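Peer 1: Got a structure here, written out as structure tokens. Questions coming.
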Ligand code: MN
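Numbering (the working numbering), first residue to last: -3 to 224.
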């Protein structure tokens, strides 16, 4: 088949200990999945359950690439998150069957134009320009579950210029990983290559050009990057 112009190559991510790369199909994200972050955003985690939004697959920034400070914002926020990478798909998947769909895990940063998000919330507008902009999904190398096991607890931290800014534990998630996959599969047909950002703990804040970031989750490849 001949295209009228060359089709865009998929975004891919490295896999720890392998020459093979992980091809990204879609990026799903969970909002307000840690109580302390829901509270810092002015929400009541007991009244407002987590929810989903998406980013385009070509928003992926693979490891060893800098964060490009985006246009149209004065308030680019960091959100360190566990990213789940799927190797199998499904619809209406049960919680018990969900874990078998997981290929592995990575550290990610859900970059957010917080000023645009605040304005969108006030006006009841969609979040696309706040969340789904170019280069908004920073993802580290993926570790196969065969190497790290399936994650349900472990420290998650973000240091900026060596200062601790975000800290939490994966066991503080409101929706646990199998629950996220199960709920998401009620709304969308999940497929191999899908990534799921699973929410951020408290401590989100603004990034400045020149900042050096070190994002860590127990058992996973450290994500080191900087803002330019
Ligand atoms: Mn987030």
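Every residue, glycine too, gets a C-beta built ideally from N, C-alpha and C.
Note that this is a predicted model, so its numbers are computed, not measured.
If I'm right that residue 194 touches residue 26 with Cβ under 8 Å, what's the distance once you round it to whole angstroms?
Peer 2: One-based indexing of the chain shown puts residue 194 at position 198. One-based indexing of the chain shown puts residue 26 at position 30. About 5 Å separates the two Cβ atoms, so the contact holds.
Peer 1: Which same chain residues, not among the five before or five after residue 206, have their C-beta less than 8 Å away from its C-beta?
Peer 2: The residue you call residue 206 lines up with position 210 of the chain shown. Closer than 8 Å at Cβ, skipping near neighbours: 222, 223 and 224.
Peer 1: Are the CB atoms of residue 50 and residue 102 nearer to each other than 8 Å?
Peer 2: Residue mapping note: residue 50 aligns to position 54 of the chain shown, counting from 1. Residue mapping note: residue 102 aligns to position 106 of the chain shown, counting from 1. Taking the C-beta atoms as reference points, residue 102 is found no nearer than 8 Å to residue 50.
Peer 1: Let me know the alpha helix (DSSP H) ranges lying completely inside the stretch 88 to 171, each 4 residues or longer, listed in chain order.
Peer 2: Those alpha helix (DSSP H) runs which fall completely within the stretch 88 to 171 and span 4+ residues are 91 to 94, 110 to 119, 124 to 127 and 141 to 144.
Peer 1: Check whether the Cβ atoms of residue 104 and residue 186 lie closer than 8 Å to each other.
Peer 2: Residue numbering aside, residue 104 sits at position 108 when the chain shown is read from its first letter. Residue numbering aside, residue 186 sits at position 190 when the chain shown is read from its first letter. Contact: no.
Peer 1: Count the other C-beta atoms from every protein chain shown that fall within 10 angstroms of the C-beta of residue 29, then say buried if there are 16 or more, exposed otherwise.
Peer 2: Stepping through the chain shown from its first residue, residue 29 is reached at position 33. Per the 10 Å Cβ criterion, buried.
Peer 1: If you run the structure through DSSP and keep just helix, strand and coil, what is residue 215?
Peer 2: Locating residue 215 in the chain shown gives position 219, where the first residue counts as 1. Reduced to three states, the DSSP call for residue 215 is coil.
Peer 1: Closer than 7 Å: is that where the CB of residue 195 sits relative to any heavy atom of ligand 1?
Peer 2: Indexing the chain shown from 1 puts residue 195 at position 199. The answer is yes for residue 195.
Peer 1: Do the CB positions of residue -2 and residue 75 come within less than 8 Å of each other?
Peer 2: Taking the first residue of the chain shown as 1, we reach residue -2 at position 2. Taking the first residue of the chain shown as 1, we reach residue 75 at position 79. No, the Cβ-Cβ distance between residue -2 and residue 75 is not below 8 Å.
Peer 1: Would you list the one or two residues that DSSP bridges to residue 176?
Peer 2: Within the chain shown, numbered from 1, the residue matching residue 176 stands at position 180. Partner(s): none; residue 176 has no beta bridge.
Peer 1: So residue 81 is in the beta strand (DSSP E); what residue range does that whole segment cover?
Peer 2: Within the chain shown, residue 81 is the residue found at index 85, counting from 1. Segment 76 to 82, the beta strand (DSSP E) holding residue 81.
Peer 1: Determine the closest residue to residue 149 out of 155, 169, 88 and 136, with distance taken between C-alpha atoms.
Peer 2: As a working note, residue 149 is residue 153 in the chain shown. When each option's Cα is compared against that of residue 149, the closest is 169.
Peer 1: Compare the beta carbon distance of residue 81 and residue 178 with 8 Å and say whether it is the shorter of the two.
Peer 2: Translated into the one-based positions of the chain shown, residue 81 becomes position 85. Translated into the one-based positions of the chain shown, residue 178 becomes position 182. No, Cβ-Cβ distance for residue 81 and residue 178 is not below 8 Å.
Peer 1: Say yes only if the C-beta of residue 106 is nearer than 7 Å to one or more non-hydrogen atoms of ligand 2, and no if none qualify.
Peer 2: For ligand 2, the structure offers nothing, since it holds only ligand 1.
Peer 1: Please report the distance separating the alpha-carbon of residue 55 from that of residue 43.
Peer 2: Position 59 of the chain shown holds residue 55. Position 47 of the chain shown holds residue 43. Cα to Cα, the separation comes out at about 31 Å.
Peer 1: Quick check on residue 160: buried or exposed, where buried means 16 or more other Cβ atoms within 10 Å of its Cβ?
Peer 2: As a working note, residue 160 is residue 164 in the chain shown. That one is exposed.
Peer 1: Could you check if residue 151 is buried or exposed, using at least 16 other CB atoms within 10 Å of its CB as the buried criterion?
Peer 2: Counting from 1 along the chain shown, the entry for residue 151 is found at position 155. That one is exposed.
Peer 1: Rounded to a whole number of angstroms, what is the C-alpha to C-alpha distance between residue 191 and residue 23?
Peer 2: As a position in the chain shown, residue 191 is number 195, starting the count at 1. As a position in the chain shown, residue 23 is number 27, starting the count at 1. Their backbone Cα atoms lie some 5 Å apart in a straight line.
Peer 1: DSSP three-state label for residue 222, please.
Peer 2: Along the chain shown, read from residue 1 onward, the residue named residue 222 stands at position 226. Collapsing the DSSP output to three states places residue 222 in a strand.
Peer 1: Can the beta-carbon of residue 10 be found less than 8 Å from the beta-carbon of residue 17?
Peer 2: Taking the first residue of the chain shown as position 1, residue 10 is located at position 14. Taking the first residue of the chain shown as position 1, residue 17 is located at position 21. Yes, the pair counts as a contact, with Cβ atoms nearer than the cut-off.
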